[in-house]
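A.B. asks: Before anything else, here's the structure in question.
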Amino acid sequence: MRFQYCTGFFEYLCHEIIHNSAFTLKSILKRFYKRLLYLGFDAKRFIEVMSPKKTSWYERDLQILQQQKGNDQTFSFGTPFPILTDKDDQGGVMKGHYFHQDLFIARKIHEAAPQKHVDIGSRTDGFIAHVASFRTIELLDIRPIESNVKNITFRQANLMELPDDLINSTDSISSLHAIEHFGLGRYGDPIDYWGYKKALKNITAILKQGGTFYFSVPIGPQRIEFNAHRVFSIDYLMQLLNADYSIISFSYVDEEGDFYEDIILDDAMIASNCNCTYGCGIFILRKR
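So for the sequence shown, the numbering used here puts the first residue at 1; every next one is plus one.
See below:
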C-alpha cells in the first residue's frame, strides 16, 4: 500500500512539473518532504543525524560526562537516547499556518468578547487552548474527545448534518483549517464530494444574523489532495462566501510560514492566490 502511495505521488509530481507552472521546484520538494513525514520518515532529520559532525560531538559530550561522573553513584547511565538535532535548532519556531492563525483569531475573539463562541473542528492544542485560557468555548468535532478541560464544552457532531438545536444559536463561530477535510474520510467522516459546502451552509445556519465567522483554509491553485485536504482558490472562496457574508478582513500565511495581517485583496492578489501554492487564507466575516 505504501509503495503504491509513493508511486502515485511520484506520478503526481511529474504531472505538476509538466502541467502547472504555479508550482516551483522548491514548493514541490517541500510538498514531497511533507508526504514523507506522513509516511513516518523525516528525510531532513535523517540526513542531519547521519552527519559525522553530529555523531562526533555526541560521543565527545558523553565521554566528558562520564569522566565528570567518575565513581559517583547518584545517577547510573541508562539506555542511550541520542538527540542529535536540538543543539543547533532555534529555541522555538514562530511560523506556519497553525501558529499564526490560532494566535491571531484568539486575539480577535478576546477583543470582540462575544456572548458565546462555538468552534467547528479547530486544533485543540492550539486555537482551542488559546481561547479557553480567557473564556468559555464550545467545540464541535466529528471525532470523540474524552478529556475534560475547564472552559471547554465538547459535543461530538457531524457538521455535514446539522442538529436542529444548533440553528441560530451563537453570535460568534470559528472553523480554522478544518473545512478542507469535510467529506474526504480522513477523520472517519463519510465520503462526500460536497462536504465542504454542506459544512459552510450549516455553519451559516448556526450563526445569528450580524454574527462573526472566523474562517481559514489552505489557499492556492484549486485541487483535492486525497485524502489529506482540499486547497481553495481565493476567487472561489469569495464566490462561496459573498452570498451570506461581508468580508471584514483577510489575512494569510505564505509559503514560508510568514503572516500578513489585514491585507487588501486586489485583483492581482486574488488571481495569484497571494502567490501561494499552499498557503493559509484567514477570513473574518460578518453574516448578513
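Here a beta-carbon is modelled for each residue, glycine too, at the ideal position from N, C-alpha and C.
These numbers were taken from a predicted model, which means no experiment stands behind them.
For the alpha helix (DSSP H) holding His229, just list the boundary residues, first then last.
C.D. replies: It is not in any alpha helix (DSSP H) - His229 instead sits in the beta strand (DSSP E) that spans 229-231.
A.B. asks: Would the beta-carbon of Ser216 fall within 8 Å of that of Ile142?
C.D. replies: It is not a contact, given that the beta carbons lie outside the stated cut-off.
A.B. asks: Quick check on this structure: which residue in Ile224, Asp165, Gly211, Ser172 has the alpha carbon closest to the alpha carbon of Leu184?
C.D. replies: The candidate whose alpha carbon is nearest that of Leu184 is Ile224.
A.B. asks: Kindly indicate which three-state DSSP category Gln156 falls into: helix, strand or coil?
C.D. replies: Here Gln156 sits in strand by DSSP.
A.B. asks: In this structure, how does DSSP classify Ser272 when only helix, strand and coil are distinguished?
C.D. replies: Ser272: helix per DSSP, three-state reduction.
A.B. asks: Exposed or buried, Glu161, counting other C-beta atoms within 10 Å across all chains shown (16 or more means buried)?
C.D. replies: Flag for Glu161 reads exposed.
A.B. asks: Measuring straight from C-alpha to C-alpha, what distance separates Thr170 and Thr204?
C.D. replies: For Thr170 and Thr204, the distance between alpha carbons rounds to 10 Å.
A.B. asks: For Lys287, decide whether its Cβ has a neighbour in chain D, counting only Cβ atoms nearer than 8 Å.
C.D. replies: Absence of chain D from the displayed structure is noted, only one protein chain being present.
A.B. asks: Going by DSSP, what residue range makes up the beta strand (DSSP E) through Asp171?
C.D. replies: Here the beta strand (DSSP E) through Asp171 covers 170-176.
A.B. asks: Is there contact between the region 81-88 and the region 105-112, where contact requires at least three CB pairs shorter than 8 Å?
C.D. replies: Flag = no, the region 81-88 and the region 105-112 do not touch.
A.B. asks: Does the distance from the CB of Leu140 to the CB of Ala129 come in under 8 Å?
C.D. replies: No, these two residues do not count as a Cβ contact at 8 Å.
A.B. asks: Between Ser174 and Ser246, is the Cβ-Cβ spacing less than 8 Å?
C.D. replies: No, they are not a contact pair.
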